[in-house]
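Novice:
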Amino acid sequence: MNKVLIIDDSGFMRSVLKDILSGCTPPVEVHEAHNMETVRQQLKKVQPSLVLLDIVMDDNEHEGVDILKEIKDLYPGTKVIMLSSVGQVAVIEECIKLGAVCYIEKPFDKSKVLDQVNKCLA
Amino acid sequence: MADNYFEKHKDVFLNEAKAHIDRMNSSLLGFEKNPADDKLFHELFRSTHTLKGIAATMNYVEMSQLCHAVEDVLEALRGKRIGLANVADRLFESFDFMSSDLKAITGDDQEINAAQMIDRLDRLLKSEEWKEEEESGVLAQHLQKPEKLKSIEVNIERLDGLMKISEELLISRIKLELLREAINNPELTAAVDTLGRHITNMQYNIMQVRLVPIGFIFNRFPRMVRDLAKRQNKQVDLEIEGGAIELDRSLIDDLGESLMHLIRNAIDHGIEDPEERVKHGKNKTATIRLIAKRTKEHALIEVSDDGEGLDLEAIQNMAIKQKLISSGASRQEILNCIFRGISTTKDVSDISGRGMGLSIVKQQIDSIGGNIQVESEEGRGTRFRLTIPLTLAVINVLFVNVGEQIYAIPINQIDRLLTVTDEEIKGMIDYNAIPYGDSSIPLTHLAELFLLPTERLSSYPIVVVRRGEERLGLLVDRLLSTQEVVIKPLTRIVRESKYFSGSALIGSGDMVLILDVDHLFLTGRFKNEWGYTNAV
Chain A
1 MNKVLIIDDS GFMRSVLKDI LSGCTPPVEV HEAHNMETVR QQLKKVQPSL
51 VLLDIVMDDN EHEGVDILKE IKDLYPGTKV IMLSSVGQVA VIEECIKLGA
101 VCYIEKPFDK SKVLDQVNKC LA
Chain B
123 MADNYFEKHK DVFLNEAKAH IDRMNSSLLG FEKNPADDKL FHELFRSTHT
173 LKGIAATMNY VEMSQLCHAV EDVLEALRGK RIGLANVADR LFESFDFMSS
223 DLKAITGDDQ EINAAQMIDR LDRLLKSEEW KEEEESGVLA QHLQKPEKLK
273 SIEVNIERLD GLMKISEELL ISRIKLELLR EAINNPELTA AVDTLGRHIT
323 NMQYNIMQVR LVPIGFIFNR FPRMVRDLAK RQNKQVDLEI EGGAIELDRS
373 LIDDLGESLM HLIRNAIDHG IEDPEERVKH GKNKTATIRL IAKRTKEHAL
423 IEVSDDGEGL DLEAIQNMAI KQKLISSGAS RQEILNCIFR GISTTKDVSD
473 ISGRGMGLSI VKQQIDSIGG NIQVESEEGR GTRFRLTIPL TLAVINVLFV
523 NVGEQIYAIP INQIDRLLTV TDEEIKGMID YNAIPYGDSS IPLTHLAELF
573 LLPTERLSSY PIVVVRRGEE RLGLLVDRLL STQEVVIKPL TRIVRESKYF
623 SGSALIGSGD MVLILDVDHL FLTGRFKNEW GYTNAV
């Protein structure tokens, strides 16, 4: 089964995304992380094939972009989809340059999310 | 209206949104005091941004648009295009608006239209002359009601429900135990024992969950002090200590309202203008201290200010005129008149109302079984001391007959009920102990203790009470019923007897004394000098 890691410091966001991902076919195994420390733990333990990463995530030391860099450095094979709010074009461009596959905008459109996720896992 | 698909996540959203709004308030409060603290500003930004995102996900458009408007103002602040002093009030107002919107959403109502609030934020950016306006219509009604503590992270009604169920279980257990004595089946006995232990544990845990740190009500005061002081052009610092002390949630609302009233009073009437203060050699900034401490049985809360103190003469004159005291009254008696409707405020403003306020505070504190005292020194300040008992105001008790009297024993201190025969205890020296499990526990014959007439029977009901790991048997004449009662504090005379912890108001309006189990343990041990150990 494909493994997906959701990285977002909002518990609400994580539960919404987890819910959306439960509609994936074929089904995926979902894991969560909320700060740099848990991100590192989960990456090592789970070795996900896909990561959903919140751009504005911030644990006071590291931001979304930092986490993206680290993932691409240590796990180049892992695909990363950025989650962003409206109006963050500049940051999104930077992330794509750093290796993110694509981005999904909030508020989430359930079918769009599933589309992108399934495409990445194909 | 929210997208139906995300409805199921609403509770998580509500909790998180509230946390973000709280953080926005505290970050801005802190940043206002320390404009150099970038970290606080950063936190403020982040919380606003995250709230915008999660609100948008739930399709709460008003909330998310309002957050966006706040973000714009914060951007302008960061880019130094605008000064904090010009925008702080509006920002706080918008946080309050978000809280109101959140309340509407929680109640399954439509969101509050934020257009007016957003407009006010936008106008700040156009650096239009912003005048103090009458808060109109929608804004006004949402900005004035103080929020009652409805839930922490667990819905209070569910907690109450749990509490009731656990007490029902306790009563069922007592009935089962009575039956167990009658039926004498070892398997049944063991099963009832186990069930009893689980129920006790559960009730203890539920009671723990009901405890709320007093800091929850203290939380709203820094904002209130800031806003009130600003409105009156006074400078006030609020110092808070002891927020970790926990109280049963049934006491929290009343206590919160009373404290709020006292603090408002201090700012409105106690604290002088900065110039006044300097003239009297005081610090320009006044200090209000809110301190909570606890003893074994009580929470002690102090609200004090270094303002101008109470005008003893004015109070005395009014009180004598209203025939509340005589001319020979003591200083304390005069001061206490403020709890009886006397007010010496020179102007009646809508901010905290008339002197009636303090008599209502006293009523509220009385109703939760506590008491309030005032001390004051003219020119130096005023101090209110509240004493709140930590026991629940309503408990379940077991009524028992001792002699011809009826007493009440708190159910949550009852370990089990037994029957022993006269034969069984005759053997134990002077009826001082009873067999219990593998050994024995001390026995206190209540009728003897209270010097009431009693008779020898062939068997006696025993109420085994506990204190921590210790057990004590109380020999009574008859077990009566169980009932939920309201505890009233004892009058001074009865209090001195120490065997009673309160009195229970029963349905008929009569009062029944509640036994102080802890104290009985001390007495029990005294009788147990022959070395009987307390079995577990």
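Note that the protein sequences, when read in sequence, are chains A and B.
Under our numbering, the first residue of the first sequence carries the number 1, and numbering increases by one thereafter.
Under our numbering, the first residue of the second sequence carries the number 123, and numbering increases by one thereafter.
Quick reminder that beta carbons are idealized off the backbone N, C-alpha and C, glycines included.
Quick caveat, the model's predicted, so the values are computed rather than measured.
#1: At least one CB of chain A closer than 9 Å to the CB of Glu129/B: is that the case?
#2: Tell me which residues share the same chain as Phe660/B and place their Cβ nearer than 6 Å to its Cβ, disregarding the 5 neighbours each side in the sequence.
#3: State the DSSP-derived secondary structure class of Gln357/B, mapped to helix, strand or coil.
#4: Can you say whether Ala100/A is buried or exposed, counting buried as having 16 or more other CB atoms within 10 angstroms of its CB?
#5: From the beta carbon of Arg168/B, is the nearest beta carbon of chain A less than 9 Å away?
#6: Relative to chain B, which residues along the region 2–30 of chain A have a C-beta separation below 8 Å, given in chain order?
#7: Is there a Cβ of chain A sitting closer than 9 Å to that of Val134/B, yes or no?
#8: If you drop the 5 nearest sequence neighbours on each side, which residues of the same chain put their C-beta closer than 7 Å to that of Val598/B?
#9: Under 8 Å by Cβ, that's how I've got Leu602/B and Ile528/B pegged, so tell me the actual separation to the nearest angstrom.
#10: Using a C-beta to C-beta distance shorter than 9 Å, which residues of chain A count as neighbours of Ile176/B?
#11: Assuming Cys24/A is part of the beta strand (DSSP E), what are its boundary residues?
#12: What three-state label does DSSP hand Glu251/B in the structure shown?
#13: Between which two residues does the beta strand (DSSP E) harbouring Gln495/B extend?
#14: Taking the alpha-carbon positions, what's the Ala178/B to Phe219/B distance?
#15: Going by the beta-carbon positions, is the gap between Glu526/B and Pro575/B smaller than 9 Å?
#16: Can you tell me the Cβ-Cβ gap for His34/A and Lys3/A, rounded? I've got them flagged as a contact below 8 Å.
#17: Asp73/A CB to nearest chain B CB: under 9 Å?
#18: I'd like the list of long-range same chain contacts for Glu394/B, defined as Cβ closer than 7 Å, with 5 residues on each side in sequence excluded.
#19: For a cutoff of 9 Å on Cβ pairs, would you count Asp58/A as touching chain B?
#20: Are Val519/B and Ala530/B closer than 9 Å when you measure CB to CB?
#21: For chain A, is any of its Cβ atoms less than 9 Å away from the one on Thr179/B?
#22: To the nearest angstrom, how far is it from the Cα of Leu150/B to the Cα of Leu166/B?
#23: With a threshold of 9 Å between beta carbons, is Ser49/A in contact with chain B?
#24: Hey, would you say Arg600/B sits closer than 9 Å to Leu594/B, going by beta carbons?
#25: Between the alpha carbons of Ile460/B and Ser216/B, how many angstroms are there, rounded?
#26: Would you verify that the beta carbon of Thr172/B is, or is not, closer than 9 Å to some beta carbon of chain A?
#27: Can you tell me whether Gly479/B is helix, strand or coil according to DSSP?
#28: Spell out whether any CB of chain A is found under 9 Å from the CB atom of Glu138/B.
#29: According to DSSP, simplified to helix, strand and coil, what is Asn656/B?
#30: Quick one: which residues of the region 80–96 of chain A get their C-beta closer than 7 Å to a C-beta of chain B? List them in chain order.
#31: Rounded to a whole number of angstroms, what is the C-alpha to C-alpha distance between Ile20/A and Met1/A?
#32: Could you give the DSSP three-state label for Glu32/A: helix, strand or coil?
#33: Curious, which full-length beta strand (DSSP E) runs of at least 3 residues does the region 135–223 of chain B contain?
#34: Look at the alpha carbon of Ser481/B and the alpha carbon of Ile487/B, and state the distance between them as a whole number of angstroms.
#35: Using 9 Å as the limit for Cβ to Cβ distance, is Lys79/A near chain C?
Specialist: So, from the listed chains and residues:
#1: Along the second sequence, read from residue 1 onward, the residue named residue 129/B stands at position 7. So, not an interface residue.
#2: It is not possible to answer for residue 660/B, since the shown part of chain B is limited to 123 through 658.
#3: Start at 1 with the first residue of the second sequence, and residue 357/B comes out as number 235. It is coil, neither helix nor strand.
#4: Mapped onto the first sequence, residue 100/A falls at position 100. Buried, since its Cβ has 16 or more Cβ neighbours within 10 Å.
#5: Residue numbering aside, residue 168/B sits at position 46 when the second sequence is read from its first letter. So, interface residue.
#6: Asp9, Ser10, Gly11, Phe12, Met13, Ser15, Val16 and Asp19
#7: The residue labelled residue 134/B in the question sits at position 12 within the second sequence. It does; some Cβ of chain A falls within 9 Å.
#8: The residue you call residue 598/B lines up with position 476 of the second sequence. Only Val522, Asn523, Val524, Leu568, Pro583 and Val585 meet the Cβ criterion.
#9: Looking up residue 602/B in the second sequence gives position 480. Looking up residue 528/B in the second sequence gives position 406. Confirmed, Cβ separation roughly 7 Å.
#10: On the second sequence, residue 176/B is found 54 positions in, with the first residue counted as 1. Under the 9 Å cutoff, chain A gives Ser10, Phe12, Met13, Val16 and Lys106.
#11: Here residue 24/A corresponds to residue number 24 of the first sequence, with the count starting at 1. Premise fails: Cys24/A is in no beta strand (DSSP E) and is neither H nor E.
#12: The residue labelled residue 251/B in the question sits at position 129 within the second sequence. Residue confidence for Glu251/B is low, a pLDDT of 42 falling below 50, so the modelled location carries little weight; the figure read from the coordinates is stated next. Glu251/B: coil per DSSP, three-state reduction.
#13: Your numbering for residue 495/B matches position 373 in the second sequence. Asn493 to Glu499 is the span of the beta strand (DSSP E), which, as asked, contains Gln495/B.
#14: Counted from its first residue, the second sequence places residue 178/B at position 56. Counted from its first residue, the second sequence places residue 219/B at position 97. If you take the alpha carbons of Ala178/B and Phe219/B, they lie about 17 Å apart.
#15: By 1-based counting over the second sequence, the position of residue 526/B is 404. By 1-based counting over the second sequence, the position of residue 575/B is 453. In contact: Glu526/B and Pro575/B (Cβ atoms closer than 9 Å).
#16: For the purposes of this step, residue 34/A is identified with residue 34 of the first sequence, where counting begins at 1. For the purposes of this step, residue 3/A is identified with residue 3 of the first sequence, where counting begins at 1. Not a contact, Cβ separation roughly 17 Å.
#17: As a first step, residue 73/A must be located in the first sequence, where it is residue number 73. With 9 Å as the cut-off, Asp73/A does not count as an interface residue toward chain B.
#18: Along the second sequence, read from residue 1 onward, the residue named residue 394/B stands at position 272. Excluding positions up to five away in sequence, the list reads Gly429 and Glu430.
#19: Taking the first residue of the first sequence as 1, we reach residue 58/A at position 58. So, interface residue.
#20: On the second sequence, position 397 is the one that residue 519/B refers to. On the second sequence, position 408 is the one that residue 530/B refers to. Yes. Within cutoff.
#21: Locating residue 179/B in the second sequence gives position 57, where the first residue counts as 1. So, interface residue.
#22: Indexing the second sequence from 1 puts residue 150/B at position 28. Indexing the second sequence from 1 puts residue 166/B at position 44. About 7 Å.
#23: Working through the first sequence from its first residue, we reach residue 49/A at position 49. For Ser49/A, the answer is no, since every Cβ of chain B falls outside 9 Å of its Cβ.
#24: In the second sequence, residue 600/B corresponds to position 478, counting from 1. In the second sequence, residue 594/B corresponds to position 472, counting from 1. Contact flag unset, no.
#25: Here residue 460/B refers to the residue found at position 338 when the second sequence is read from its first residue. Here residue 216/B refers to the residue found at position 94 when the second sequence is read from its first residue. So the two alpha carbons sit approximately 37 Å from each other.
#26: In the second sequence, residue 172/B corresponds to position 50, counting from 1. Chain A, which has a Cβ nearer than 9 Å to the Cβ of Thr172/B, makes this yes.
#27: Within the second sequence, numbered from 1, the residue matching residue 479/B stands at position 357. Note: Gly479/B maps to helix in three-state DSSP.
#28: Here residue 138/B is taken as the residue at index 16 of the second sequence, counted from 1. Interface residue, yes.
#29: Taking the second sequence and counting its residues from 1, the one referred to as residue 656/B is at position 534. In this predicted model, Asn656/B has a pLDDT of only 40, less than 50, meaning its place in the structure is not dependable; the value taken from the coordinates is given anyway. Asn656/B: coil per DSSP, three-state reduction.
#30: Ser85
#31: Counting from one through the first sequence, the residue named residue 20/A turns up at place 20. Counting from one through the first sequence, the residue named residue 1/A turns up at place 1. Taking the straight line joining both Cα atoms gives about 17 Å.
#32: Reading the first sequence from its first residue, position 32 is the one you call residue 32/A. Looking at Glu32/A - three-state DSSP - the assignment turns out to be strand.
#33: none
#34: In the second sequence, counting from the first residue as 1, residue 481/B sits at position 359. In the second sequence, counting from the first residue as 1, residue 487/B sits at position 365. In a straight line, the C-alpha of Ser481/B is about 10 Å away from that of Ile487/B.
#35: Given the protein chain composition of this structure (A and B), no chain C is represented.
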